[in-house]
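Going by the working numbering, the sequence shown opens with residue 55, and the numbers climb by one from there.
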Amino acid sequence: MILMILYTKVQMSSENRVEVVETAAEKNVSSGPESLLLGNTADVLTAENTVDSENEGAPEDESEQNEDEDAILGPAEKMDMEKARKESHGLVVELDYVSENRISLHGTFGYMAFSLTSDENGVAKAMLENAVTLEELGGLTMGGTAYTDVLGGDGCALIVPGIRNEEIARRRRFLYIEETNEITGGIVAPDWMMEKAAAHDYSDAVTEEAYVRELAGQLASDHDSKLLYGPVVIPESNSNGYGFLAEDGEHLEDLWYGIWNRDLDIITKVQLFE
């Protein structure tokens, strides 16, 4: 059955309008909730655009001869947090991975991962575990045909530059492992990335579109904040719990992570940068 997998990026304007920009990719998946998640994940793992008829016969880049090689691009450049936190976070920031104890996100500034805990008073806290620029891949593009797709995992990120560009004949795929701070990949077959990621818990942080306006309105009313991404279901939550990204200003340090209990109509604000 052919399903339309929608990627929704949400941005609130100053007039509390929600602007939704959607792109769609057709994917053959079986029915059921699990297959929907796997369908989204597979777009990152196996996205492979074939050459259009008018492009057939075009010369291949010399680097394309290295398919399936386990190329190590080396260590990722660490982010200078003192400098980065004072700079703009850009128009689009996305959550890549959401769980009860961990989140990851990315924007034009790079990729960041946080662990989530509570202090002795039960106040939710976030600790920055990793922050890299990913300049080795040419940086991260947040729009247009050069858009970089990032799928977060428990300690890793799968990265596909230019995933919306249908003119790319051979897809570049990369895997970033936080523990070793190494980037591997290149022009490799889809199976290569699936093998490399098999040891990690990865999942797509999909926005629950039906609740976007409700959450955005509550944020604007109760916190005078703007919704940047979400809400995303927190898998381990035994309540109607969602995670999201919001901002109180234009700088990176103005970003914060929120936990929304929709049943109790409660938003918990988690500061990412103290």
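Glycine included, every Cβ here is placed at the ideal spot set by N, Cα and C.
Contacts around residue i, its chain only, beta-carbon distance under 6 Å, and the 5 residues preceding and following it disregarded
{"i": "N294", "result": "R316 and D317"}
{"i": "D302", "result": "S279 and D308"}
{"i": "T187", "result": "E131, M133 and G164"}
{"i": "E208", "result": "Looking at the sequence itself, residue 208 is Asp, so the reference to Glu does not match. Within the same chain, D208 has close Cβ partners H254 and D255."}
Residues near residue i by beta carbon distance below 7 Å, same chain, minus five either side
{"i": "A138", "result": "F163 and L306"}
{"i": "E189", "result": "E131"}
{"i": "V147", "result": "L159, G161, L282, Y283, L299 and L309"}
{"i": "A185", "result": "K132, M133, M135, G164 and M166"}
For residue j and residue i, the rounded distance between their alpha carbons
{"i": "I288", "j": "D255", "result": "14 Å"}
{"i": "R227", "j": "T202", "result": "10 Å"}
{"i": "G128", "j": "Y230", "result": "10 Å"}
{"i": "T171", "j": "G312", "result": "13 Å"}
{"i": "V286", "j": "G297", "result": "5 Å"}
{"i": "S275", "j": "A264", "result": "19 Å"}
{"i": "E328", "j": "E236", "result": "28 Å"}
{"i": "T322", "j": "A270", "result": "14 Å"}
{"i": "E183", "j": "E249", "result": "25 Å"}
{"i": "G192", "j": "E268", "result": "37 Å"}
{"i": "Q272", "j": "V266", "result": "10 Å"}
{"i": "I241", "j": "P215", "result": "11 Å"}
{"i": "V204", "j": "I157", "result": "13 Å"}
{"i": "M166", "j": "L149", "result": "10 Å"}
{"i": "E225", "j": "L326", "result": "Looking at the sequence itself, residue 225 is Arg, so the reference to Glu does not match. Taking the straight line from one Cα to the other gives about 34 Å."}
{"i": "F168", "j": "T234", "result": "17 Å"}
{"i": "L212", "j": "E174", "result": "35 Å"}
{"i": "A252", "j": "L194", "result": "24 Å"}
{"i": "C210", "j": "W246", "result": "15 Å"}
Residues near residue i in its chain [Cβ-Cβ closer than 8 Å; skip 5 each side]
{"i": "I320", "result": "W314"}
{"i": "E154", "result": "L170, I288, P289, E290 and S291"}
{"i": "V324", "result": "L170, A178, K179, A180, W310, Y311, G312 and I313"}
{"i": "E304", "result": "S142 and H143"}
{"i": "I126", "result": "E236, I237 and T238"}
Cβ distance (whole Å) where residue i is taken to contact residue j below 8 Å
{"i": "G239", "j": "Y151", "result": "Not quite, the Cβ-Cβ distance comes to about 18 Å (not below 8 Å), so this is no contact."}
Next on the checklist: Could you check whether the region 255-263 touches the region 273-280, counting it as contact only if at least three pairs of C-beta atoms, one from each stretch, sit closer than 8 Å?
Outcome noted: no
Checklist entry - With contact counted as at least three CB pairs below 8 Å, one residue from each stretch, are the region 173-181 and the region 135-143 in contact? => result no
Checklist entry - Three or more beta-carbon pairs under 8 Å between the region 212-219 and the region 185-201, yes or no? => result Counting C-beta pairs closer than 8 Å gives three or more between the region 212-219 and the region 185-201, which meets the contact rule.
Next on the checklist: Which runs of the beta strand (DSSP E) at least 3 residues long sit entirely within the region 202-288? Give them in chain order.
Outcome noted: Fully enclosed beta strand (DSSP E) runs of 3 or longer: 203-206, 210-214, 226-231, 236-241 and 280-287.
Next on the checklist: Please give the ranges of any beta strand (DSSP E) in the region 130-197, keeping only runs that are unbroken, at least 3 residues long and fully inside the region.
Outcome noted: 148-152, 156-161, 164-172 and 178-186
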